[in-house]
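Chemist: Let me give you the structure first, and then I'll get to my questions.
In the numbering used here, the protein residues as written are 2 to 654.
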């Protein structure tokens, strides 16, 4: 592998020395031990990458289940559960383990997520001690397999409108679970088709003829491998990917469960049939229940970033070995990564992957603090939910884009199944829509921005949000957002006064941050004005919101890109002055300027970029790519993807 200074490096530029092992330690952070355990397990079960292609449909599912149970025995999958039940008592470690697992077979990863994250997480966070005692010990070992039955055929992201009904029968002290029509059928439910014995079922609770909204119940669906009476289970069959996960459809026909089956952390029903909750407002109660399940979004976003690492490691290593065409009169053909276009294709994606990695670190820490009780502020929980939604959206879209670009960058070789891109592409594609469709999640991000995570946050549906925002002065909306205050602070640090965007150096991180903060603030003001103008004209708030939806998504996207850059810049400030910090500084600049370059039409339309400065940014991005080129091999090695997971002998050597 060529890692020397190349002829493409700018004249006078001194290449930093990269310490790959030390950089891996920076990336692994406080969770190095659990990440190394996962890497060891991935290598132990590396054969599953071949078995995914060689085994029959049913045999592959059984193999995935066996691996999940065997990995559970090592402690890898139980880190987020309380120690008293056999877990590790560390929420942050559970996320780090899941992220690292994305280096391997994604059916194993998703089966793990269904069993321990969704099913186990629902019982842990929505249930109380009686549920924990009854289920967690066997759940953590994988002895008891379960499902998370939320999604319905006719109701995906709109969970409040679920059609499954749970009616309380006071005489029998039981809930009666019923699927009201085909649209209420539980669908795409992992672990349902084959292995699940219990399901956490989300249903509309009815007590004494009154609807109390969506609640969760523990419902048996199998006994001795057969569906229990009243439960009809259908296999979803082959999917685009993740065929080691047994997704299925479930219908309930008057299935009776005891009163204690209600996961009652936030609400309960007395034996006599009186509904009680510590949260009076039904919308707030609903969002509080869903908020406890945010761990899934944090996990999937991190998994997307690590899936991108695998693709980039393969494509980069290939580009450092594969030669094509002689660049000059010399006989030897040129390495792919010495071509400027190839650098432009791969190296900004490496920079973005590092940026998203550090953003995920911030999010994971926030999740750990909130769920460990270190931050008990309701606003901290709202900010966590919004940040998790946005980071999941950008992380999973990034994975989809990276895998495609890397596949193409490996030419025909990338199309061979042995080189992993086929599985990566097929298995990760669903990441953009499960745990929340990315566009819906970005609307949640925008809602938080427009309301400043106000106390009314949980109470506001789409129309309520429009009415809330239009009840404020536009200036108040902007003043409430952190972007406004941050922009003012950063402007004070930059030269040029009102011409800060023309006078500051392109490689000044404060300039880069100010540009992204300006874009976010300007977009937010635009959304608020458009909403207010529509309502002032007495138009229907729903129609007004629908018309500005593209603008809403754009401001949320801009907000998350700003958070990602801030995370990278803040990480840089904590590092010792050495070659690794210089190398990461190149990546930080490359991420920031390529982000501005990608949206330069907007910056030029809004007077923040002149034609000359736009061209200068493009030149700087190209220059940064040349500087990063000699470091590329070490930068992807630092991710610590086990060689057995790259599985591409002809590409990586």
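Beta carbons: idealized from backbone N, C-alpha and C, even for Gly.
When you compare the CB positions of residue 118 and residue 140, do they come within less than 8 Å of one another, or not?
Modeler: Cβ distance not < 8 Å, so residue 118 and residue 140 don't count as in contact.
Chemist: How many angstroms separate the CA atom of residue 446 from the CA atom of residue 439?
Modeler: Rounded to whole angstroms, residue 446 to residue 439 spans 10 Å at the Cα level.
Chemist: Do residue 188 and residue 152 come within 8 Å of each other at the CB atom, strictly closer than that value?
Modeler: Taking 8 Å as the Cβ cut-off, residue 152 and residue 188 qualify as a contacting pair.
Chemist: Under a CB-based cut-off of 8 Å, is residue 257 close to chain D?
Modeler: The structure shown contains no chain D; it holds only a single protein chain.
Chemist: Tell me the DSSP bridge mates of residue 423?
Modeler: Answer is none; residue 423 lacks a bridge partner.
Chemist: Here's the rule: buried if 16 or more other CB atoms are within 10 angstroms of the residue's CB, otherwise exposed. What is residue 458?
Modeler: Low confidence applies here, because residue 458 scores a pLDDT of 49, under 50, leaving its location unreliable and the question unanswered by this model.
Chemist: Expressed to the nearest angstrom, what Euclidean distance is found between the alpha-carbon atoms of residue 360 and residue 179?
Modeler: One C-alpha to the other measures close to 42 Å.
Chemist: Taking a contact to mean a Cβ-Cβ separation below 8 Å, would you say residue 99 touches residue 311 in this structure?
Modeler: Taking 8 Å as the Cβ cut-off, residue 99 and residue 311 do not qualify as a contacting pair.
Chemist: Going by DSSP, what residue range makes up the beta strand (DSSP E) through residue 405?
Modeler: Unbroken run through residue 405 is the alpha helix (DSSP H), 379-410; no beta strand (DSSP E).
Chemist: Residue 53: which of 41, 66 and 32 sits nearest, CA to CA?
Modeler: Residue 66 is the option with its Cα nearest to residue 53.
Chemist: Just grab the DSSP bridge partners of residue 574 for me.
Modeler: DSSP lists no partner for residue 574.
Chemist: Tell me where the beta strand (DSSP E) around residue 246 begins and ends.
Modeler: Segment: none, residue 246 is in no beta strand (DSSP E) and carries neither H nor E.
Chemist: Please confirm whether residue 639 and residue 24 have their CB atoms less than 8 Å apart.
Modeler: A contact, by the Cβ cut-off of 8 Å.
Chemist: Using DSSP bridges, identify the partner residues of residue 270.
Modeler: Paired residue(s): 276.
Chemist: Would you list the one or two residues that DSSP bridges to residue 336?
Modeler: BP columns for residue 336 point to 324.
Chemist: For residue 205 versus residue 163, is the C-beta spacing smaller than 8 Å?
Modeler: Yes, Cβ-Cβ distance for residue 205 and residue 163 is below 8 Å.
Chemist: Give, in chain order, every unbroken run of the alpha helix (DSSP H) that is at least 4 residues long and sits entirely within the region 54-116.
Modeler: Runs found: 58-73, 92-102 and 107-113.
Chemist: Classify residue 458 as helix, strand or coil using the three-state DSSP reduction.
Modeler: In this prediction, residue 458 scores a pLDDT of 49, lower than 50, which makes its location untrustworthy; no coordinate-derived value is stated.
Chemist: Can you give me the C-alpha to C-alpha distance between residue 101 and residue 307, rounded to a whole angstrom?
Modeler: Cα to Cα, residue 101 sits roughly 7 Å from residue 307.
Chemist: Give me, in chain order, the residues of the same chain whose beta-carbon lies closer than 8 Å to that of residue 258; leave out the 5 immediate sequence neighbours on both sides.
Modeler: Counting only Cβ-Cβ distances below 8 Å, and skipping sequence neighbours, we find 175, 176, 178, 218, 219, 220 and 221.
Chemist: I believe residue 502 touches residue 516 by the beta-carbon criterion, under 8 Å. Please report the beta-carbon distance rounded to the nearest angstrom.
Modeler: With a Cβ gap of about 7 Å, residue 502 and residue 516 count as contacting.
Chemist: Given 8 Å as the limit, is there contact between the region 19-33 and the region 569-581, that is, 3 or more CB pairs closer than that?
Modeler: Yes, they touch.
Chemist: Alpha carbon to alpha carbon, how far is residue 158 from residue 607? Give it in angstroms, no decimals.
Modeler: Spanning the two alpha carbons is a distance of roughly 35 Å.
Chemist: Identify the residues that DSSP records as bridge partners of residue 148: which are they?
Modeler: DSSP output for residue 148 lists 200 as bridge partner(s).
Chemist: How far does the alpha helix (DSSP H) with residue 629 in it extend, from its first residue to its last?
Modeler: Run containing residue 629: 612-629, per the alpha helix (DSSP H) assignment.
Chemist: Terminal residues of the continuous alpha helix (DSSP H) containing residue 547?
Modeler: Per DSSP, residue 547 belongs to the alpha helix (DSSP H) from 542-548.
Chemist: Assuming contact is defined by CB atoms lying nearer than 8 Å, are residue 293 and residue 127 in contact in what I supplied?
Modeler: Contact flag set, yes.
Chemist: With three or more beta-carbon pairs closer than 8 Å as the criterion, would you say the region 270-282 touches the region 68-77?
Modeler: Contact fails: fewer than three Cβ-Cβ distances are below 8 Å.
Chemist: Could you check if residue 349 is buried or exposed, using at least 16 other CB atoms within 10 Å of its CB as the buried criterion?
Modeler: Classification of residue 349: buried, given that the 10 Å Cβ count is 16 or more.
Chemist: Distance, Cα to Cα, residue 641 vs residue 647?
Modeler: Taking the straight line joining both Cα atoms gives about 11 Å.
Chemist: Just confirm the distance between the C-beta atoms of residue 433 and residue 392, as a whole number of angstroms; I'd bet it's less than 8 Å.
Modeler: Not quite, the Cβ-Cβ distance comes to about 13 Å (not below 8 Å), so this is no contact.
Chemist: What does the alpha-carbon distance come out to for the pair residue 290 and residue 364?
Modeler: Taking the straight line joining both Cα atoms gives about 20 Å.
Chemist: When the Cα atoms are used, what is the spatial distance from residue 195 to residue 114?
Modeler: Distance between the alpha carbons of residue 195 and residue 114: 16 Å.
Chemist: So what does DSSP say about residue 217, is it helix, strand or coil?
Modeler: The answer is strand: DSSP assigns residue 217 an E or B state.
Chemist: Going by beta carbon distance, what residues of the same chain come within less than 6 Å of residue 352, once the five residues before and after it are set aside?
Modeler: The residues are 588, 591 and 592.
Chemist: Please go through the same chain and pick out, in chain order, the residues whose beta-carbon is closer than 7 Å to the beta-carbon of residue 572, but skip the five residues on each side of it.
Modeler: Excluding sequence neighbours, residue 572 sits near 359.
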